[in-house]
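Those protein sequence lines, which keep their order, are chains D, F and P. Residues 1 to 553 (the numbering used here) are what the first sequence spells out, left to right. Residues 1001 to 1367 (the numbering used here) are what the second sequence spells out, left to right. Residues 2001 to 2197 (the numbering used here) are what the third sequence spells out, left to right. The beta-carbon is built from N, C-alpha and C at its ideal position, and this holds for glycine as well. Keep in mind it's a predicted model, so treat the numbers as computed, not measured. Shown next, in structure tokens, is the structure this report addresses.
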Amino acid sequence: MSVTEVGLPASSHIHPPPDTFIKKYVFSLDHKVIAVQYFITAGLFLVFAGLLAELMRVQLMGPNNHVLSVAVFNQAYSLHGTAMVWLVGIPIVTGAFGNLIMPVQIGARDVAFPWLNMLSFWMLPVAGILVFASLLFGAPQAGWTEYPPVSLQLPLGESLSLWCAGVFVIGVSSTITGLNFLVTIVKMRAPGMTYTRMPLFVWATGVTAFLSMIATANLSAALAGLFIQHNFGVPFYDVTRGGAPVLWQHVFWFYSHPAVYILILPAFGIVSEVIPTFVRRPIFGYKAIAYSSAAIGLLSFMVWAHHMFTSGLQHWEQLFFMIFTMIIAVPTGVKIFSWVTTLWRGKIRLDTPLLFVLGFLSVFTLGGITGVMLASVPADAQEHASYFVVAHIHYVLFGGTILGIFAGLYYWWPKMTGRMLDERLGKWHFWLTYIFFNLTFLPMHWVGLLGMPRRVATYDPAYAGTNFFVSISSFVLAAAILIFIYNAYRSVRHGELAGPNPWGARTLEWMIPSPMPYYNFRDIPIVLSGPYDYGKPLPYANISQDLAMTPVR
Amino acid sequence: MKPEQREPLLDSGFWRAVGVMAVISIVLMVGVVVFPIDKYFPEAATVSKPIDDLFKFCAFFGAPIFVFINGFLLYFAIRFRRRADEPIDAVGSEIHEHQGLELTWTVIPSLLMVVLAVLSYLVIPLYYPTNQAFASAVTLEAIGHKFYYEFRYPGLKQSVMNELHLPIGIPVTVDLTSAEDEQDVHNGAVIHSFWVPEFRLKQDMIPGIVIPIHFTPSELGTYRIVCSEFCGLGHSHMWGKVIVQSKAEFNAWYADQQRAAASPISAPLSLAGGNPSAGQTIFNAKCTVCHNAAPFAQRKVGPGLSQLFDDPDHPDLVTGKKATPDNVADIVEHGAHGDMGVMPNMQANGLSPKDVADLVAYLRTLR
Amino acid sequence: MAAAHAHAVGDAEYAEVSGHRLLGFLFFLISDCVIFGNFIFSYLYLRNAAPVWPPVGIERPYLYLAAVNSIVLFGSGATMHYAMEGMRHDRRSQFVAYTIATIVLGSMFLGGQAYEYTHLLPHTTWAGTTFGASFYTLTGLHGFHVFIGVIFLIVVLLQTLRGTYTQERHFGLTAATLYWHFVDVIWVALFFLFYIY
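Okay, structure coming up:
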């Protein structure tokens, strides 16, 4: 039996490692390197988008501020939303976490189409440059939703075309990644890994991949329509020539509602991984969590017009979308109840990854409840397009996606880098984030209900006190991330070395060295049962039981 | 036999925690029910209370859900922490499913959703067209512009700008839409929104379609109309007023409007005898939506007007004419097209010739 | 993965990788269907919202020209099917002949579309009404797909002539054929939606 350069048998289908700097770190085909590239690039966009938010909060500290002109303020919130959804949120949860962990968790050596994976990543910086280049002409001002007719009027110039092009590019990237991940999960699971033995993060990534693949195509079509109207006068949304502004809302939200599930499902997956590890007991309701993810994926296509309850929908349309929006709350609730029950009778270690998960569960619940309030058509008549919605979206997207991302970062950091993050710094980061997140976004609920609309650079002086309080809280919230950045830097430079399984977990990524070798597994594992049966032997036929290591703390 | 099988699955500590959570929940739920929303925030239309009740329904059931989830998170995180004397790799319970529990927490939220859906379904026809017609006494039109509201009353030739006068207790239907003046090619109509927070009602004003909204004002007072759909640079400053009056006051106002319409101004305006302090009152009431009494650069929708007659950087008005009192009066009389919006004319703004004179006199006092 | 290193690929590995590629290609076609579906939704929405259809001043495009063109396109689907039969039964000349026929028929379809456009264009423009917006966007997008399909077929034909594909290993041809049939199916929908309905 011949042996490759790294001493592995040729029949293991392991190709030689990349040899040049370019092939190793720039145009890498390795899903783990691509994941790091996504983390770094999306992380940069997170900083930009966060600074834009803080700029907005400075302007909103007082009712009649002139810190930013109205036009600049409008650009700030538009780019903030655009960047957070498309350049930060979706790339991190799919391109970064999905790439880093999913192939290893199913016992594969890489994704199905590594070259497409690399292409998907490189579309991210291109998209970001296109989107931010719109600033040169005055960025679009109508929010990340860019409703025509106003989005076609403001501002004049090329920036809407750049914005369309940038979002189109990241949309294509997302579609390709979805296709790639779904083929990987369907076709490349290790022997013995049936669907009901897959880790729940893989379930989440699979459903997300399905959504990315099917829903994003609608975004591409919608953007193309907007682009050709803006540039060639094709009247899809032009009322004077038979077009309909509401048509944009339909085609945009038909993608953008599944998009928010793309943003949250992987975070749900991270929660499902972190909890069993840090309570050392099987997850409660594995099947319920797995199947509810699939249900949420399918239902997400049937709720989009709940963003349009005030847009003159037919009565039956309002009922249809109200009912399905309420239905989709049920599987989400099932997950939350299952996760909380997993804590019962565990042997809990309150390390930072679990703290972020507990924070997630705490605040995402409120986001879910306000979501139900928005689902009721008459209640929505008051809540729509007010700061109540701003509060809701940040509870689910920051409290959900971002806290989930931090949980995943703290959890898989040792696996990715081979070093531990500092636990004390992690706890400071968590507590400051959790507390000041709530102080920032909770008050927005009531100023919204009392009458403060969205997308305004100034507001009624009656809301001044609340807005001032919110702004100050947001500054501390933003600053808290510096703790993580410092922690990350310190860890990479001289953090405590991590072994293969510092948390004593049981999914396959913890059965290989940290950081992971380029070929992932020396021998493809053979899977005997599910990954959460703490107390029983490891469910892999050809992996040493020593790897069920005790956690380091 | 495993140790955990000898104790009950849910022990007294668990039930004590549940008790605490239940008490907190009940307090919150009672608070939701008894909280007098209208004491702090008027429920100024007949549909406002049903909508507030829907919100309370959600809060009523949301409160215990929130309390129990967070309560269990806190309780379990503390109670089931690995204690220092337990081995580092101690594992927790094997119990990973329970059909009864899982069924319960699927069925009960589903039932709550059904109830909420039914209750919501019953409220929708109170303000939004379903298959039955509204029984309303009168229909008005409300047209969104950049950046003001235009109201057209039956029987009134002239539109009313930014102030929706309504008699208390009379059901009205307001047909909402959006439009711009035909000649304004670059300022084409955009989507606005008509939101009266005190009524709890909002619908969008969309070019090309008409959305009827229906309500009966039930409390006297002046309430805001807020534009909540981004409509351009003046969006932050687009707001109007709903003035709910007694029938007698409304009729008087309506008659005034008819009189003003019947005698349109034909003679050129005279600016003699304009009273600056009366002008200031008018300015603050009518003009501050779009203009500041501040230097030019402090724009809202239109420029600041404090240096209107004495600004070397801007010697000409938006009409291209020199900044003289007569030319300024001309703009107030006929309106103007700016690059950020359209200024309504004097009749739309409800100004008499004397008001115009007062306004110009006031503007002349600004420096 | 197979592309990343040069070793002779065994039958089992080829079959496995082809399985991945087939699923991936099907997913791609599905997402492409979604794009068309979205534009079709827009068309039907605008048509439903219009007071009269076609809008005033617009004539419906000529049915018979499109019907003939459709027969040409569906015929090219049949020829492609026979081409693949040839490849599956190791009859290379059958494959080559029928693929050339497909390319010719596909090009004829494109010619027919161009001819139709030149006749419609003076009075029915892309930017004039929602009819033009829907019609040209959808048929144009479809025509673009046909054009890419023709290129795709030329490429695999040349590859076949160079000996890249065999009876057992011809995933590229499977993909090209699937794509071509997809283009046909989309045309069924568009033909119905614009010329019949």
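- Taking C-beta atoms under 8 Å as the contact rule, D/ILE262 and D/ILE106 fail to qualify, at a distance of about 20 Å.
- Listed along the chain, the chain D residues whose CB falls inside 9 Å of the CB of F/GLN1298 are HIS66.
- Within the same chain, ALA42, ILE405 come within 6 Å of D/ILE92 by CB-CB distance, once the 5 residues on both sides are set aside.
- Going by C-alpha positions, P/SER2134 is about 59 Å away from F/PRO1276.
- Using a Cβ-Cβ cut-off of 8 Å, F/TRP1015 does not count as an interface residue toward chain D, since no Cβ of chain D sits closer than that to its own.
- For P/SER2042, the chain D residues whose C-beta falls within less than 7 Å of its own C-beta are GLY225, PHE236, LEU247, VAL251, listed in chain order.
- Within the same chain, and ignoring the five residues on either side of D/PRO125 in sequence, the residues whose Cβ sits closer than 7 Å to its Cβ are THR41.
- In this chain, the beta strand (DSSP E) harbouring F/PRO1167 covers 1163-1167.
- The contact set of F/LYS1202 on chain D, defined by CB atoms closer than 7 Å, consists of THR310, ALA381, GLN382, HIS384 in chain order.
- The C-beta distance from F/PRO1154 to F/ALA1179 rounds to 18 Å, too long to fall under 8 Å, and the pair is not in contact.
- Taking 7 Å as the upper bound on Cβ-Cβ separation, chain P lies near residues THR175 of the segment 162-175 of chain D.
- For the segment 2013-2026 of chain P, the set of residues with a beta-carbon nearer than 7 Å to any beta-carbon of chain D comprises GLY2019, HIS2020, LEU2023, GLY2024, in chain order.
- Shown here, F/LYS1202 sits in a strand according to DSSP, grouped into three states.
- No Cβ of chain D is located within less than 8 Å of the beta carbon of P/TRP2187.
- Spanning the alpha carbons of P/TRP2053 and P/THR2129 requires a straight line of approximately 11 Å.
- For D/VAL303, the secondary structure class from DSSP, reduced to helix, strand or coil, is coil.
- Sequence-distant Cβ neighbours of D/GLY418 in its own chain, meaning closer than 7 Å and more than five residues away, are LEU497, ALA498, SER514, PRO515.
- For D/MET61, there are no C-beta contacts with chain F under 8 Å, since the nearest C-beta of that chain is about 15 Å from it.
- Taking all protein chains shown into account, P/TYR2062 has fewer than 16 neighbouring C-beta atoms within 10 Å of its C-beta and is therefore exposed.
- Contact of D/PHE301 with chain P is not assigned, every C-beta pair being separated by 8 Å or more.
- Between the alpha carbons of F/LYS1322 and F/ASP1311 lies a gap of roughly 11 Å.
- Between P/VAL2068 and P/LEU2110, the gap from beta carbon to beta carbon reaches 8 Å or more.
- Here the alpha carbons of D/ALA381 and F/TYR1362 stand approximately 41 Å from one another.
- Closer than 8 Å to the CB of F/TYR1121 there is at least one CB belonging to chain D.
- Following the DSSP letters along the chain, one finds D/LEU343 inside the alpha helix (DSSP H) bounded by residues 315-343.
- Apart from sequence neighbours up to five positions away, the residues of its chain that approach P/THR2079 with a beta-carbon distance below 7 Å are TYR2098, ALA2101, THR2102, LEU2105, ordered along the chain.
- The beta carbon of P/TRP2126 sits closer than 6 Å to those of GLY2132, TYR2136, all from its chain and outside the five residues before and after it, given in chain order.
- Boundaries cannot be given for F/HIS1314, as no alpha helix (DSSP H) includes it and DSSP labels it neither H nor E.
- For F/GLU1097, the nearest CB of chain D lies under 8 Å from its own CB, placing it at the interface with that chain.
- Between D/VAL334 and D/ALA288, the C-beta spacing is below 8 Å.
- Within the segment 2116-2191 of chain P, the complete alpha helix (DSSP H) segments at least 4 residues long are 2130-2161, 2171-2191, listed from N- to C-terminus.
- Look at the segment 338-369 of chain D: the residues with a C-beta under 7 Å from a C-beta of chain F are VAL340, LEU343, TRP344, ARG345, GLY346, LYS347, ILE348, ARG349, LEU350, LEU358, LEU361, SER362, THR365, LEU366, ILE369.
- For F/SER1352, the closest of F/THR1365, F/HIS1334, F/ARG1364 by C-alpha to C-alpha distance is F/HIS1334.
- Here F/MET1021 has VAL1067, PHE1068, GLY1071 as same chain residues with Cβ atoms under 6 Å from its own Cβ, once five neighbours each way along the sequence are excluded.
- Contact note: D/PHE137 does not reach chain F at a C-beta cutoff of 8 Å; the least C-beta distance is about 16 Å.
- In this structure, F/LEU1164 lies near F/ILE1243, with their beta-carbon atoms less than 8 Å apart.
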